[in-house]
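Asker: If you're matching positions, the sequence shown starts at 81 in the working numbering and goes up one per residue. Think of the CB as a built atom: it goes at the ideal place given N, C-alpha and C, for glycine as much as any other residue.
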Amino acid sequence: MTAHPRTSIVIAARDAAGTIAETLVSLLAQSAPSWEALVVDDGSIDATAEIVAEYAARDSRFRVLQSDGVGASGARNKGIASARGERILFLDSDDWIDRSFLALMNAALDRDSSAVAAYCNCCRVMPDGSEISVRRDPAIQDNAFERFARTCATFIHGVLVLKSAVAKVGGFETSLRTCEDWDLWQRIARCGGRWIHIDEKLSYYRTSDRSLTQDVKRMLADARVVIARGFSSDDRVSEPAPAHQAGASTAYGSVAAAYAYFALWCAGFDCGRRNASDPSPETLSDIPKTETTADFVASVLLDAVMVGARTVPAKLAERWPQYGKGVTHLISAMGHAWSDPAAARKCQYRFERKVLDYDDLSAPRVLTLTFGTRVDLRRIDTIRPIGTVDRLYVYLCDGPRILTLLDIGALGTVNNRFWIALAAHGLVHLQVKDQIGRLIRAKIALHKRTERLQSFMRDGRDTHRGRLRELASRASREARSRAISGISASSSPMRCARRSRDTTRKKFWEGFFEQEDPWNYGSPYEQEKYSRQLELLPDQPVDHALELACAEGHFTRQLAPRVKRLRAADISTKALDRARVRCNGHQNIEFSQLDLSADPLPQDIDLIVCSEVLYYLNDEAELESVAKRLVQALRPGGHLVAAHAFVLKDNISRTGLDWETPYGAETIGRIIQGVPGLALDTSIETELYRIDRFRRLVPGEAAPDIQVKFATIDAPIELEVARSIVWGGAVARRFDVAQSERRTHAPVLMYHRIATEGPDELARYRLSPDAFGQQMLWLRRNGYHTINSDQLAWFVASNHPFVGRPVLITFDDGYQDFAEYAWPILQANDFSAEVFIATDFVGRWAEWDAPFGEPASLLDAAGIAGLAAEGVSFGSHLASHPRSQELATWTLAEELTRSRAQLERWLGRSITSLAAPFGSTNQRLGILAAECGYKTVFNTVNRAATLKDNLLDLPRIEVRGDFTLDTFARCLEQYQ
């Protein structure tokens, strides 16, 4: 006997002759020897007492106590009363622990004086000796009471606890026949103190038909009591921690939800035993529906079925007939209780996927909705889904070698052509290309060579591809028509014309003026600029004036009344023809064709007006040459008036236009001012442009004092000008980064609403117009340009590095406020966008937002068409905005074909992009979408897209409503 053992191990035993020896041997094997074992024989009628006595005779650390059938709780309490150690382990008579258990667990408690318990990972051992997955719950150490209020989060023999903590709460509750360990841990955790997690598998739980967990009704009754106590005060605990005195917080889940999940586990356990034990609809309805519910439900049921069926995960698929019908019925009942069969279908899919994840598919597995099998591309057998099966879980193989795992929706028979086509086109991003052998490569090559011929060989109506073709045809017939024609990408002229060095100047400008009024000369912005040029005309009468680059005569007509004789010249004959018509009636105007850089200029001119043209000279040398010729054309005392815009290329730090001209107003002014004999006397300067008046000095005349007038731009700035403006200057110019930067990633931004008003619960998905404007200006100032999904797909499919700093800006749902607020801001910053539309709701309200408040209005078909004509791209958000993972394959195919056909009918162009509502994507959706004609599918994984990404599962970065500009900038800067 050990006089002062460190650890007391309490073992309640009743009729345990078949297992207790292994339990006691595991104690003898402990590397830490300071322990005592109190074996409490609770009225055994088999050889338990004799076996224990033998061990006690060999090792005095074993002590035998009698409890005469009081039950497990009473027997353990008797052991507690006799324990001499400062720490206690409760070990059942059919379980055992690893040889390092006591050493590691005691060491953890030694390191932390605030700890009341240490717990380890545990695993179940099946009757055949096989082990199933390790049970570990690191969340216990984060908040032990909140965990134990809801569930028994660890096995009883996975915990080493202070004896004082057990005594403080009165030991085990003898009124409970089951869940008594859970109740004890809950009371100890309510008192406070740390629980330390030892992340190692140190304890083993034997599953057998003798376990008390066979009594499901008793477990349900006892669990209801324990959970109810966890969510209220507990008079049995005299000194609870203040935070836990009133019970668990409902912020982590309700009492009803905790009991519902326990009831679900019990029902799954019964299914594993071939019993039917459905919880009540009221109980099932208490299971909360969230994005993670399907995963949690599937995990709970998988664990329960394994325990009930006494089998390991790898054998669950082959034993589906034993429990599958019961689980399917149970999940269906849950859907009815929720009034949401679709959510239950998602749970069913997820459970079946988990079951098949453990199977090697050495034989076909037919579950309720899923067929699991291997497909050998060398020798392909036709698959004919039976019954309710509409999903294939497939190991795609090249002979015995597994190439990849596929999750495929099936509408009917799947034949050879389907698999070869999938291998040829659908597996580009699954890293299997290099693994395929010669025979398969030859099959794929043959398929590609004969693809056109095969298109005339239609699959039968009962095949998967035949039914998909039928759905697409029906969707096209039923798409609502609308009188929309001529929709094309925006064809607005470039505000700053660009000429290739290989194009002659005259040829370029003749082509430029093919379109009448290419500059929008009549806009308020241009007219205000004209009026300010007229302000700078000299005070003395002008006898002979020359207007260079008169274009179509808009300013000419205003200048003519202010001078005696006006010669208006332009390089384009088309522009001059229009100018003559516009200025008809002004007898003092003479029009002529003239290249100001190459042709002789008239001489002895009193006034030369040369505005918005000097940008288009080749370089500063040519500009200097032209400036000298202009001075020579003026008579002494004559004036030159020139108006030009500030451009970023001159000065990136100030507001300017991001034109790819060689220079702007600053350089033009500097060069002209540097010509001998010419002096600047007056300037009108605005934030965007400058108008200068120069004077040719009379010999001996001193240069005048320069007068600079600053003016605001009062006229509205037309869109085509606004698109080129970078307010406040830039950090980087688009052209410069396009020349110098290549990258393997491109951010795809995801927005929803741009608005200030809406339900508080949806604030995450709503960004104010001011904040959105700041974000777009940041992108513009940092040299970003927008691309669309087709362009993104080209770069990824070609593995071609992205040029410059591309960004794809996307909007989900198609809210009306996109047109009201977002699009004008995007246009003003020279950006485009791609909007994903749920076609069934076009022109209506966002009904999916209704649970949170009044739903916002959505774009109608006319609005969508108008935006498309202005350059907005559109993609599918499915037809009815569903969660795709909840849909049967047939319904999902209908959604894909219907939404695409409807958008194509409205817009008259191919629709190839899809964003899954709620970010609900998986491989089934991607492959089925590709079969329906989509090229890109977007999810909500929060990172930039890369050249290595699967085009059918592309990530997007969510821009939340609470993003500050700094948050937004940091998010983008990590990809620069």
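Ignore the nearest five residues each way along the sequence and tell me which others in arginine 270's own chain have a CB closer than 6 Å to its CB.
Answerer: For this step, residue 270 is matched to residue 190 along the sequence shown. Closer than 6 Å at the Cβ level, and outside the excluded window around arginine 270, lie Phe225, Val317, Pro320 and His324.
Asker: Apply the 10 Å Cβ neighbour rule to tryptophan 345 and answer buried if 16 or more other Cβ atoms are within range, or exposed otherwise.
Answerer: The sequence position of residue 345 within the sequence shown is 265, counting from 1. Burial call: buried.
Asker: What is the C-beta distance between leucine 107 and leucine 189, in whole angstroms, given that I count them as a contact (C-beta under 8 Å)?
Answerer: Here residue 107 refers to the residue found at position 27 of the sequence shown. Here residue 189 refers to the residue found at position 109 of the sequence shown. That belief does not hold up - the Cβ atoms of leucine 107 and leucine 189 are roughly 18 Å apart, past 8 Å.
Asker: Alpha carbon to alpha carbon, how far is glutamate 606 from asparagine 600?
Answerer: Counted from its first residue, the sequence shown places residue 606 at position 526. Counted from its first residue, the sequence shown places residue 600 at position 520. Between glutamate 606 and asparagine 600, the C-alpha separation is close to 8 Å.
Asker: Taking the alpha carbon of glycine 749 as the reference point, which residue from Asp738, Ala723, Gly757 and Arg924 has its own alpha carbon closest?
Answerer: The residue given as residue 749 occupies position 669 in the sequence shown. It is Ala723 whose Cα lies nearest to the Cα of glycine 749.
Asker: So within the segment 807-865, which uninterrupted beta strand (DSSP E) runs reach at least 3 residues, ignoring any that extend past its ends?
Answerer: Unbroken beta strand (DSSP E) runs of no fewer than 3 residues, entirely contained in the segment 807-865, are found at 828-831, following chain order.
Asker: Hey, is the segment 374-388 in contact with the segment 333-351, meaning 3+ C-beta pairs nearer than 8 Å?
Answerer: yes
Asker: For serine 571, does the three-state DSSP call read helix, strand or coil?
Answerer: For the purposes of this step, residue 571 is identified with residue 491 of the sequence shown, where counting begins at 1. In this predicted model, serine 571 has a pLDDT of only 39, less than 50, meaning its place in the structure is not dependable enough to derive any value.
Asker: Taking the C-alpha atoms as reference points, what is the distance between serine 570 and alanine 745?
Answerer: The residue you call residue 570 lines up with position 490 of the sequence shown. The residue you call residue 745 lines up with position 665 of the sequence shown. Unreliable positioning characterises serine 570 in this predicted model, as indicated by a pLDDT of 40, which lies under 50. The coordinate reading is nonetheless provided below. Their Cα atoms are separated by approximately 29 Å.
Asker: Within the same chain, show all residues whose beta-carbon is closer than 7 Å to that of serine 603, passing over the 5 residues directly before and after it, in chain order.
Answerer: As a working mapping, residue 603 is identified with position 523 in the sequence shown. Taken in chain order, the residues that qualify are Glu798.
Asker: Can the beta-carbon of leucine 1031 be found less than 9 Å from the beta-carbon of alanine 918?
Answerer: Looking up residue 1031 in the sequence shown gives position 951. Looking up residue 918 in the sequence shown gives position 838. Not in contact: leucine 1031 and alanine 918 (Cβ atoms no closer than 9 Å).
Asker: DSSP three-state call for phenylalanine 1043: helix, strand or coil?
Answerer: Locating residue 1043 in the sequence shown gives position 963, where the first residue counts as 1. Coil, per DSSP.
Asker: Count the other CB atoms, across all protein chains shown, that sit within 10 Å of the CB of serine 565; report buried if there are 16 or more and exposed otherwise.
Answerer: Locating residue 565 in the sequence shown gives position 485, counting from the first residue. Reliability fails at serine 565, whose pLDDT of 41 lies under 50, so the model's placement of it is uncertain and no value is given.
Asker: Applying the criterion that 16 or more other CB atoms from any shown protein chain within 10 Å of the CB defines a buried residue, is phenylalanine 774 buried or exposed?
Answerer: Within the sequence shown, the letter at position 694 stands for residue 774. Phenylalanine 774 should be labelled buried.
Asker: Kindly confirm or deny that the segment 828-839 and the segment 873-886 touch, where touching means at least three C-beta pairs closer than 8 Å.
Answerer: no
Asker: In the structure shown, what three-state DSSP assignment does tyrosine 1062 receive?
Answerer: Residue 1062 lies beyond the residue range present for the chain, which begins at 81 and ends at 1056; the question has no answer from this structure.
Asker: Alpha carbon to alpha carbon, what distance is there between alanine 389 and arginine 163?
Answerer: Reading the sequence shown from its first residue, position 83 is the one you call residue 163. Reading the sequence shown from its first residue, position 309 is the one you call residue 389. Residue identity check: residue 163 is alanine in the sequence provided, not arginine. Answer to the nearest angstrom: the Cα atoms are 37 Å apart.
Asker: So what's arginine 562 in DSSP terms, helix, strand or just coil?
Answerer: For this step, residue 562 is matched to residue 482 along the sequence shown. At arginine 562 the pLDDT is 49, less than 50, meaning the model places this residue with poor confidence and gives no usable figure here.
Asker: Distance check for glutamate 432 and proline 368, CA to CA, integer angstroms please.
Answerer: Indexing the sequence shown from 1 puts residue 368 at position 288. Indexing the sequence shown from 1 puts residue 432 at position 352. Roughly 21 Å between the two C-alpha positions.
Asker: Looking at leucine 457 and leucine 483, is the spacing between their C-beta atoms short of 9 Å?
Answerer: Sequence index remark: in the sequence shown, residue 483 carries index 403 (1-based). Sequence index remark: in the sequence shown, residue 457 carries index 377 (1-based). Leucine 483 is a Cβ neighbour of leucine 457, given a cutoff of 9 Å.
Asker: Assess, as a yes-or-no matter, whether the segment 410-418 is touched by the segment 210-229 under the definition of 3 or more beta carbon pairs within less than 8 Å.
Answerer: no
Asker: Cutting at 6 Å between CB atoms, please list the residues of its own chain near valine 54, excluding the five before and the five after it.
Answerer: A question about residue 54 goes unanswered here, because the residues of the chain that appear run from 81 up to 1056.
Asker: Got a sec, what are the start and stop residues for the beta strand (DSSP E) tyrosine 70 sits in?
Answerer: The structure shown does not extend to residue 70, since the chain spans only 81 to 1056, so no value can be given for it.
Asker: Hey, leucine 1052 and tryptophan 858: beta-carbon distance below 9 Å or not?
Answerer: By one-based count along the sequence shown, residue 1052 stands at place 972. By one-based count along the sequence shown, residue 858 stands at place 778. Their beta carbons are under 9 Å apart, which means leucine 1052 touches tryptophan 858 by this criterion.
Asker: Ignore the nearest five residues each way along the sequence and tell me which others in valine 469's own chain have a CB closer than 8 Å to its CB.
Answerer: Residue numbering aside, residue 469 sits at position 389 when the sequence shown is read from its first letter. Close CB contacts of valine 469 within its chain, under the 8 Å cut and outside five residues either way in sequence, are with Val446, Leu447, Thr448, Leu449, Thr450, Phe451 and Ala490 (chain order).
Asker: Given a cut-off of 9 Å on the beta-carbon distance, is the pair isoleucine 236 and histidine 277 in contact?
Answerer: Numbered from 1 along the sequence shown, position 156 holds the residue referred to as residue 236. Numbered from 1 along the sequence shown, position 197 holds the residue referred to as residue 277. Cβ distance not < 9 Å, so isoleucine 236 and histidine 277 don't count as in contact.
Asker: Tell me which same chain residues have a C-beta within less than 8 Å of the C-beta of leucine 737, skipping the five on either side of it?
Answerer: Within the sequence shown, numbered from 1, the residue matching residue 737 stands at position 657. Hits under 8 Å: Arg575, Cys576, Ala725, Phe726, Val727, Leu728, Gly744, Leu768, Val801, Ser804, Ile805 and Val806.
Asker: Determine the closest residue to tryptophan 928 out of Val387, Arg662 and Pro839, with distance taken between C-alpha atoms.
Answerer: Position 848 of the sequence shown, counting from 1, holds the residue named residue 928. Comparing Cα positions, the closest option is Pro839.
Asker: Are the beta-carbon atoms of isoleucine 476 and isoleucine 463 separated by less than 9 Å?
Answerer: Within the sequence shown, the letter at position 396 stands for residue 476. Within the sequence shown, the letter at position 383 stands for residue 463. The question names isoleucine, but residue 476 in the sequence shown is leucine. Here leucine 476 is not near isoleucine 463, since their CB atoms are 9 Å or more apart.
Asker: Can you confirm whether the segment 897-914 touches the segment 843-857 when touching is taken to mean that 3 or more C-beta pairs between the two stretches lie within less than 8 Å?
Answerer: yes
Asker: Drop a sphere of 10 angstroms on the beta-carbon of lysine 426, count the other beta-carbons inside from all chains shown, and report buried for 16 or more, exposed for fewer.
Answerer: Counted from its first residue, the sequence shown places residue 426 at position 346. The residue is buried, with at least 16 neighbouring Cβ atoms inside 10 Å.
Asker: For glutamine 712, tell me which candidate among Leu697, Pro756 and Thr747 has the shortest Cα-Cα distance.
Answerer: Within the sequence shown, the letter at position 632 stands for residue 712. Of the candidates Leu697, Pro756 and Thr747, the one whose C-alpha sits nearest the C-alpha of glutamine 712 is Pro756.
Asker: Is it buried or exposed, alanine 338, if we count other Cβ atoms within 10 angstroms and call 16 or more buried?
Answerer: The residue given as residue 338 occupies position 258 in the sequence shown. That one is buried.
Asker: Whose C-beta lies closer than 7 Å to the C-beta of threonine 543 among residues of the same chain, with five residues either side of it excluded?
Answerer: Sequence index remark: in the sequence shown, residue 543 carries index 463 (1-based). The answer, listed in chain order, is Gly492, Thr493 and Asn495.
Asker: Let me check one thing: in DSSP terms, what residues is tyrosine 895 bridge-paired to?
Answerer: If you number the sequence shown from 1, residue 895 lands on position 815. DSSP, once it has assigned bridges, lists Leu938 as partnering tyrosine 895.
Asker: Just the Cα atoms here: how many angstroms apart are lysine 587 and glutamate 632?
Answerer: Mapped onto the sequence shown, residue 587 falls at position 507. Mapped onto the sequence shown, residue 632 falls at position 552. If I take the Cα positions, the gap works out to 17 Å.
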